[in-house]
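> For reference, the structure I am asking about is given below.
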Amino acid sequence: MLKRVAYYPGCSCEGMAIEYDQSVRALCYVLGIELVGIPDWNCCGSTPSHSYDPLLGAALAGRNLAIARSQGLDVVMTPCPSCLKALKTANQVFRERPSEFLDVLGMPFSGDVRAISVLQLLYEEIGPNLIQKAVKFPFKNKKIVPYYGCLLTRPPAFAQFDDPENPVSMDRLIEAAGAAVPDFPHKTECCGAALGITQRDVVMRLTGRILDMARAVGADALAVACPLCQQNLDLRQDQVNRALKENFNLPVLYITQIIGCALGIDRKTLGIEKLAVKTDALFQSA
Amino acid sequence: MSGKIFVAHDALSGLLDDLSKKFKVWIPQMMDQASGHIAFGVYAPGKKPELTRRSRLSPKKILFPSMDTLFKFTYVKDPKDPVRYTIDLKESFDNGPTLVFGARPCDTRGFQTFDQVFLKGQYKDVYYERRRQNTLFATLVCQDSDTACFCSSVGSGPADMTGSDMAVIPIEGGYVIEGLTDAGRKLVETSGSAPSPEQAAAAEQMKRNTAALKIGEDDLTGYADDLTRRFTDMDFWREQVSPCITCGVCTWVCPTCYCFSITDEASGMSGERMRSWDSCMFYLYTLEARGHNPRPTKMERYRNRVGHKFSYFPKKYDGMVSCCGCGRCIRTCPVSIDIRKVVKELKETADDRA
Amino acid sequence: MSSKSDAKQEREIKIVGFLCNWCSYGGADTAGVCRFRQPTDLRIIRIPCTGRIDPLMIVKSLIQGADGVLVSGCHPNDCHYAVGNFYARRRMEVLKRFLPYMGFQSDRFRYTWVSASEGQIWQQVVTDFSETIHRLGPNPGLHQTVDSAPAVSWF
Amino acid sequence: MRIGVFICQCGTNIAGTVDTRAVAKKAMEFPDVVFAVDYMYTCSEPGQKEIQDAISSHRLQGVVVAACSPRMHEPTFRRAVKKAGINPYMFEQANIREHCSWIGTDREANTRKAIDMVRMSVEKLRRNQALFSTQVAVNKRVLVIGGGVAGIQAALDCSDGGLEVVMVEREPSIGGKMAKLDKTFPTIDCSSCILGPKMVDVAQKENIRLYAYSEVEAISGYIGNFKVDIRKKATYVDWNACTGCGECTQKCPSKKAFDHFNEGLGATTAINIPFPQAIPKKARIDSDYCRYLTGGKCRVCEKICPVKAIRFDMKDEIVTEEVGAIIVASGYDLFDARVYGEYGGGRYPDVISAMQYERILSASGPYGGHIRRPSDGREPKEIVFISCVGSRDISVDRPYCSGICCMYIAKQAIMTRDHIPDSNCYVSYMDIRAPGKGYDEFIRRAQEEYGVKYIRGRVGRIYPRGDRLVVQGADTLLGVQVEIEADLVVLATGVECSAGARPLAEKLRISYDQHGFYMESHPKLRPVETNTAGVFLAGVCQGPKDIPASVGQGSAAASKVQALFSRDTIETDPQVAHVNENMCIGCGKCEQVCPFGAIRMKTLRDGSRKSEVLETVCQGCGLCNATCPNKAIQLRHSTDDQILAEINTLFD
Amino acid sequence: MDDKTNALREHVKGIFSNLELVLGWEPGYDPLHTRPFYVRTESDIDRLTANCLSFQNLTRYLAKSMNAVDPAADGRKIGVCVKGCDSRSLVALIQEKFVSRDRVYVIGLPCRGTLDARRIRALVPDPARIRSVNAEGDELVVETDRGISRFALDRAIARKCLQCRYPNPVIHDVLIGDPVTPRLKIDAENPSVAAVEALSLEDRLLFWENQLDRCIRCFACRNACPLCVCQNHCIMETRMPKWITQYRNMNEKFMFHMIHALHLAGRCTECGECERVCPVGIPVALIKEKINAIIYEMLDYESGIDPEAVPPLLTFSPKETGI
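Protein chains in written order, with my numbering: chain A, 226 to 511; chain B, -7 to 346; chain C, 533 to 687; chain D, -13 to 638; chain E, 374 to 696.
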């Protein structure tokens, strides 16, 4: 089992998704995983950089990996799937052409730092069994559905994690946390992503569909592992209600928050109160 | 002139440099430092003769190369009738003036055996003969016997100059080189300055002292009939050779072993006929075409080796043992078979029985 | 370094190819049928199976002066004789790792798997290997005499 | 030796880039060559005549032809020289076409290369020996592995030809996949009506010995003389006694056994007869479900059986059959739809495979031929068929087209519309592949006559909404997203190699492609032969195909066997290993590595061990030759000296 | 090896009635030499020695000189004395079925190293007149006409002994003396091989050419090798097939040693006999040691350890990756 990983929070976790960052740190602390900060880390470049110049995108993300490598770490964990994609791309690019990295940044890097998501860390490195054993406050009689979004498992050859179309990692982790997990067909449907800024109606429709399905299968809450998904489902839930004339009231928690709660970490530490949709009902015993 | 010269240690290379202009000079030299391997090699300026340690391989190959091309041949097709062809033969000789410098008496004496076989009798071996005629021997009066040496046991000794053209006598500060044959004397006289009377006397003294040494305890001549009596005593031979691994090193290092085989090596339309060393210790040596082998085991083969040297050869060549007592076979044998002991026991136990 | 200077620098490169009858010989045929352009340095010896390869044949070729030796057979699992190439693979890999220890350029020897249908792959293999050999230049062969040699000490 | 060298110009195929005249001239300089000439078409009738004339006029003892690949014309030239009185193995062919003239245009380099190749051939020929085949008797019995339609056809054809046939079928009944089908395309024939009589024939033919519920355990030997160990798996019922009356199946209290024949739709009893038309129609106990075999109590069937055929102590049994040829018709498996998580196969009961649907359609199926949903038994009205599930998809390692799905979907849609006229059938497809006779017409009928709605595009997701399934996909012709609320989704699962294909191939010593389908000798010209003499292929084990093609291959394989068996003996290939006993040291390494068990050790009178080659078993791979430390065992026609001569002559 | 002569003689006396003969060593023609000895009678036993001069690998005789495959009719076994390295050869011979385990009684002798006569000659002032040589623990005591000298044992033992990984017999029916700590770990790098590999490719070629040029094709290395089982039918000598010509040039010498080495690939047990017997001092074993290292790295196999194992080049694994 991994005991020590480099931690790359990414920009969202510094701002909008600060509660994700908090819950990741708290959970890893409790689970005995040391998160080593990457000194002077920089933005992964996100979508704009690689749209402009693939090498720029790869170099931006790769710099963080190279620093981690120079710290003697060969695994970097990030909570954000988009950052993860950028980091993995960097690995792929510079594994084939390490000299380019040296040219651009003057430091060596040959794409040999493994990048994983926090979900991957929890599922593959720690495992549902260990988590189940550590659970103190199981979500009894609650139904929580996992929502994976687009990037965590796809494209399959790139993600190399879980089933691309019917992932089950979060399902297992939620079960470990004591909640029931109904079959949720929309677990990998698109939430609309960044179109929330430019074409909000698309997000309303797509996110609404996900929320609709969650409600239809009787979910008490949704679990997510992506800051952007969380934003669309949680922060924009009110907008969705208005746009679609609905009255969804589904809490949307990060998987780290759900497991954290089950492990008995206090909700404030996990940043539960920062969520837009109130979670009180979820924590009342039925 | 006296036919003697003195060469100081530091003048030896100069002398060899001079000689190597007229001769192909062979000297014992260090071939590999790591394993301390000394063998005869062609002198070239800068190479140092090893005159205080015995060479592991004998100088046999100088007159009898391990592989000797006898002639080259080419098939030539008749253009009109390609089924017919003629053969072009080309003789091959490599026999310029040669000097062997620093061989030991046993080394030089080894060629006596060759002379009997290759030069006496109805047919002469022209390849050997031409080399022999063109080769001079400057032989070292030997000071370096060890536990395997037994030259005195075979009628020789550390100062035996049979077959030598010059004697190289180590004295304080250098060597006195003395011409023994006409050719030797002639070469010596043109190669340096005479020794001082003291040096000449020291050399004489050294020769005398060395000649008085008895290297080897027993006389190993005169065993010809003992072997004949022992011939069918297979228990005796089994006892002697059970450790033998039939590697044939004894024959390879031996200055008197002259067995060879002749083969053609051809490719395409041309090739050459060559003579190469062979060893009576090998199974294939006596293997007949049909598959029968008159010497199928190491017992028969080793018996032949001892018998040839100490019985058949002396019977044919006036009692001359075809062994020079250099001890190389004993020294290099991986399983330390001691030919002296074998020969001695031919008689001892045979006497017991009688 | 006598024979090094003897070696004619301009002489034609010759590569010995040992091809199994069932796959690679057929692959080379297919490449020919498809008129896939290839360098002409290769001289093919047809063998029934790469299992027929004794690594000593490769050594012999190199010592005799082959500039390159290429062995090609059926893909693993596709051997016409079921397992010949599995044996060959081990033996050739041992040889390949061993050659540089004796001072041979191991790049002069390559083994590969090409099926009878892979004409194009055969073309690539031959082209690539020939280029490698041309880069290495003619095989200088062994020196027939050695004047000075490095000493190695283990004591 | 007197050698003649013949350089073929092959029209301009060779002469275009090789100076054949110069090659012939140079060849005259080679040792033993007494005649060399170039010729326009050496393989032609007059070309062969030229060789034969030269053999007699120059009294040649060996012939080198430099021409095309020996894989092409070696047999031709060997026959030609044999006719002129030379042993066929005193012939060598230099491949100066495929390996020389066709791969480059540098005439000088090509000519140099051709000269080298001729030189190598001459040097090899100088070391050739006349070799002679031996005759071995052919055991005129044939083994058919697999009792699907291809195997049945092969067996019946062989049987009709008077051959004794041994058929081995893995399942309790023959019939294969076809027996499960309701109808066949494009004629909508009743599958069991056309297959049934053939199955009965197999049972009734006296010269067919059927081993059902059996598998091939081991195969040894060689063409004409194979020895096959067959594992008869324990059925716990003495089939000699069982009459197939079915009493036991009525009374068996364990009624939840997995129904293999019905693809798991519904259940069967622990002791069962797979289907009414089964051949042999014998009961078998499924040991996973039998109460007695799992729990130690029950034995109801034993009490009820009127002929006392139940044998609870039955064990697997190995029987050995000797045959002269083998037809492999081991069939295929269907792709496991669960691999596609987005379709929910295996999770949603109303997402089913096409074979399950076939059982639903079948009158002998679990629902008696009434179309119902597995989940609630309701008659579906909206039915979506999804094609290419496990075909033409690199991401699941199935890049090939299964070839039959487009057609059976059309058939099933037509059948559905027949059964439920007010239903809607949708087919989501990538391309329609209907190249057979009457096939495309059949698809058109489905579309035009039966109103099946074809939507070009892949389905992205299936999820339940209420008790129905939402099928989300795209219509790439209209460029819109499509969402259909369906009652039933049928996945057209593709064809993949049978799970046991690879181990069986290793027993047969035949090769298979990367997807596990067996390799034929030549994709065009030898489609049912394998590279292992005496082993033939039929049906889908060689690659996806439909029923007529499988039946065709079954007949083709049978005719190959009959051609083989039309002779009483066959000639063995003399290019086999040979031991020089004088050199052999008896180390046994050759015996250890021989893939064919063709070498055994013997002890001579003097006590020395020597190896010995069983020449009829030896396949001539030469592994022993490469392994033998002192080369006492030599592969004839590929000896060390021959190979070394080829190497040496290049570097003289 | 420390002197175990007395213990060996005692043990052999106790069991000799059950044995057909015992393969051991006896003193050679001078105090620096030892020769293999066949103990055939009770009275022979007192000629046996076992000490730092017990060079020869006696298992060589089992396959080559006697029929050690079939158990003798009267049930008596052949006794054979083995050092650690020799025992591996014995295991390899059993693996290859040249010797039947039931046929041999294995007398194991843990060994700190055997002497290299060439190294001793270089050490002592009067090498031609050595009276006695004795190993005492880590020290070697040499007595010559000029007195007694003491050296660290490591300065006088053979190269193979300096890098010994199996000083204790891996197979034995009796062990005479206490086990010895190996000098190298089993997976340790072979220092001599590393020394050659430190040379550049060109220098390596020159190194070997220089070494092999001395070869006189006497075949002592082959004949001393317990696993060179072809003996009289070696392809070095046969003309059919003709792998080697009669030329005494570099090509043929090199080829001979490549044949020797590759025939021992996956079989050589590093007893070092080939190197010890070479009359011209070629480090012959060094060639095979590299192949052993390759096979260990590639296939995790060492010959002469497990009597049940199949030599790696006589088998295969379809799943081998990285090859």
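Where a beta carbon is used, it is the ideal one built from N, C-alpha and C, also for glycine.
For the beta strand (DSSP E) containing A525 (chain E), name the first residue and the last one.
Numbered from its first residue, the fifth sequence carries residue 525 (chain E) at position 152. Note, A525 (chain E): beta strand (DSSP E), 520 to 525.
> Closest to Q25 (chain B) by CA distance: which of E:N379, E:V653, E:P691, E:P599 is it?
Position 33 of the second sequence holds residue 25 (chain B). Comparing Cα-Cα distances from Q25 (chain B) to each of E:N379, E:V653, E:P691, E:P599, the minimum goes to E:V653.
> Is Q605 (chain D) helix, strand or coil by DSSP?
By one-based count along the fourth sequence, residue 605 (chain D) stands at place 619. Q605 (chain D): coil per DSSP, three-state reduction.
> Taking contact to mean at least 3 C-beta pairs separated by less than 8 Å, is the stretch 364 to 384 of chain D in contact with the stretch 403 to 414 of chain D?
Yes, the stretch 364 to 384 of chain D is in contact with the stretch 403 to 414 of chain D.
> If you check the beta carbons only, do I395 (chain D) and V481 (chain D) fall under 8 Å apart?
One-based indexing of the fourth sequence puts residue 395 (chain D) at position 409. One-based indexing of the fourth sequence puts residue 481 (chain D) at position 495. Their beta carbons are not under 8 Å apart, which means I395 (chain D) does not touch V481 (chain D) by this criterion.
> Cβ atoms of L129 (chain D) and V214 (chain D): under 8 Å apart, would you say?
Your numbering for residue 214 (chain D) matches position 228 in the fourth sequence. Your numbering for residue 129 (chain D) matches position 143 in the fourth sequence. Closer than 8 Å, so yes.
> By the DSSP assignment, the alpha helix (DSSP H) with Y645 (chain D) in it spans what residues?
This structure leaves residue 645 (chain D) out entirely; chain D is present only between -13 and 638.
> From the DSSP output, in three-state form, read off N617 (chain C) for me.
Taking the third sequence and counting its residues from 1, one reaches residue 617 (chain C) at position 85. In the structure shown, N617 (chain C) sits in a helix (DSSP, three-state: H, G or I).
> The beta strand (DSSP E) spanning V300 (chain A) covers which residue range?
Reading the first sequence from its first residue, position 75 is the one you call residue 300 (chain A). It spans 300 to 303 - the beta strand (DSSP E) in which V300 (chain A) sits, taken as one unbroken run.
> Pick helix, strand or coil for Q345 (chain A), following the three-state DSSP scheme.
Indexing the first sequence from 1 puts residue 345 (chain A) at position 120. Here Q345 (chain A) sits in helix by DSSP.
> Relative to the alpha-carbon of S253 (chain B), which residue among B:F85, B:V109, B:V160, B:W269 has its alpha-carbon at the smallest distance?
Along the second sequence, one-based indexing puts residue 253 (chain B) at 261. Closest option to S253 (chain B), Cα to Cα, is B:W269.
> Count the other CB atoms within 10 Å of the CB of D347 (chain B); is the residue buried (16 or more) or exposed (fewer)?
The structure shown does not extend to residue 347 (chain B), since chain B is modelled only from -7 through 346, so no value can be given for it.
> In its own chain, which residues sit with a C-beta less than 8 Å from the C-beta of K228 (chain A), not counting the 5 before and 5 after it?
Within the first sequence, the letter at position 3 stands for residue 228 (chain A). Cβ within range, chain order: G257, I258, E259.
> Which chain D residues sit within Cβ distance under 9 Å of G263 (chain B)?
Indexing the second sequence from 1 puts residue 263 (chain B) at position 271. Under the 9 Å cutoff, chain D gives no residues; its nearest Cβ is about 10 Å from G263 (chain B).
> Using beta carbons (cut-off 8 Å, strictly below), is G(-3) (chain D) in contact with chain A?
Position 11 of the fourth sequence, counted from the first residue, corresponds to residue -3 (chain D). So, not an interface residue.
> Please confirm whether C573 (chain D) has its beta-carbon closer than 8 Å to some beta-carbon of chain H.
The structure shown contains no chain H; its protein chains are A, B, C, D and E.
> Which residues in chain B sit within 7 Å of N634 (chain D), going by Cβ to Cβ distance?
Here residue 634 (chain D) corresponds to residue number 648 of the fourth sequence, with the count starting at 1. Per Cβ cutoff of 7 Å: S259.
> I need the boundaries of the alpha helix (DSSP H) containing Y411 (chain E), first residue and last residue.
In the fifth sequence, residue 411 (chain E) corresponds to position 38, counting from 1. Note, Y411 (chain E): premise wrong, no alpha helix (DSSP H); beta strand (DSSP E) at 407 to 412.
> Just verifying my parser: in three-state terms, what is the DSSP assignment at M587 (chain D)?
Working through the fourth sequence from its first residue, we reach residue 587 (chain D) at position 601. M587 (chain D) falls in the strand class under three-state DSSP.
> List, in chain order, every chain B residue whose beta-carbon is nearer than 8 Å to that of V653 (chain E).
Locating residue 653 (chain E) in the fifth sequence gives position 280, where the first residue counts as 1. In chain order: M23, D24, S27, H29, A31, R48, L49.
> Closest by CA to V615 (chain C), which one among C:L594, C:G583, C:G635, C:R642?
On the third sequence, position 83 is the one that residue 615 (chain C) refers to. Cα-wise, what sits closest to V615 (chain C) is C:G583.
> On the CB-based measure, 16 or more other CB atoms within 10 Å of its CB, does K409 (chain D) come out buried or exposed?
If you number the fourth sequence from 1, residue 409 (chain D) lands on position 423. Going by the sequence as given, residue 409 (chain D) is Ser instead of Lys. Buried, by the Cβ-count rule.
> In or out: N617 (chain C) buried (at least 16 other Cβ within 10 Å) or exposed?
As a first step, residue 617 (chain C) must be located in the third sequence, where it is residue number 85. With 16 or more other Cβ atoms within 10 Å, it is buried.
> For a cutoff of 8 Å on Cβ pairs, would you count D499 (chain D) as touching chain E?
Translated into positions along the fourth sequence, residue 499 (chain D) becomes position 513. No, no contact with chain E.
> Could you tell me if L355 (chain A) is buried or exposed, where buried requires 16 or more neighbouring beta carbons within 10 angstroms of its beta carbon?
Numbered from 1 along the first sequence, position 130 holds the residue referred to as residue 355 (chain A). By the neighbour-count rule (16 or more Cβ atoms within 10 Å), L355 (chain A) is not buried but exposed.
> At a Cβ threshold of 8 Å, is L588 (chain C) touching chain E?
Taking the third sequence and counting its residues from 1, the one referred to as residue 588 (chain C) is at position 56. Closer than 8 Å: yes.
> Measuring only the C-alpha atoms, how far is T407 (chain E) from R96 (chain B)?
Along the fifth sequence, read from residue 1 onward, the residue named residue 407 (chain E) stands at position 34. Along the second sequence, read from residue 1 onward, the residue named residue 96 (chain B) stands at position 104. The alpha-carbon atoms of T407 (chain E) and R96 (chain B) are separated by roughly 27 Å.
> Taking CB distances under 8 Å as the criterion, tell me whether Q605 (chain D) reaches chain E.
Taking the first residue of the fourth sequence as position 1, residue 605 (chain D) is located at position 619. It does not; no Cβ of chain E falls within 8 Å.
> Can you check DSSP and say which residues form a bridge with Y440 (chain D)?
Within the fourth sequence, the letter at position 454 stands for residue 440 (chain D). Y440 (chain D) pairs with D:V413.
> With C-beta atoms as the reference, is M266 (chain B) less than 8 Å away from T248 (chain B)?
To locate residue 266 (chain B), count along the second sequence from 1; it is residue 274. To locate residue 248 (chain B), count along the second sequence from 1; it is residue 256. Cβ atoms of M266 (chain B) and T248 (chain B): not closer than 8 Å.
> Quick one: does T659 (chain C) have its CB under 8 Å from some CB of chain D?
The count along the third sequence starts at 1 and reaches residue 659 (chain C) at position 127. No, because no Cβ of chain D sits closer than 8 Å to the Cβ of T659 (chain C).
> Using a Cβ-Cβ distance cut-off of 8 Å, determine whether F524 (chain E) contacts chain C.
Here residue 524 (chain E) is taken as the residue at index 151 of the fifth sequence, counted from 1. Taking Cβ atoms only, chain C never reaches closer than 8 Å to F524 (chain E), which makes this a no.
> Which same chain residues end up closer than 6 Å to P37 (chain B) when comparing Cβ atoms and leaving out the 5 residues on each side of it in sequence?
The residue given as residue 37 (chain B) occupies position 45 in the second sequence. Answer for P37 (chain B): D9, listed in chain order.
> Give the DSSP-derived three-state secondary structure of D532 (chain D) in the structure shown.
Position 546 of the fourth sequence, counted from the start, is the residue given in the question as residue 532 (chain D). Here D532 (chain D) sits in coil by DSSP.
> Could you give the distance in angstroms between the alpha-carbon of A644 (chain D) and the alpha-carbon of H300 (chain B)?
For chain D, the structure presents residues -13 to 638; residue 644 (chain D) sits outside this window and is missing.
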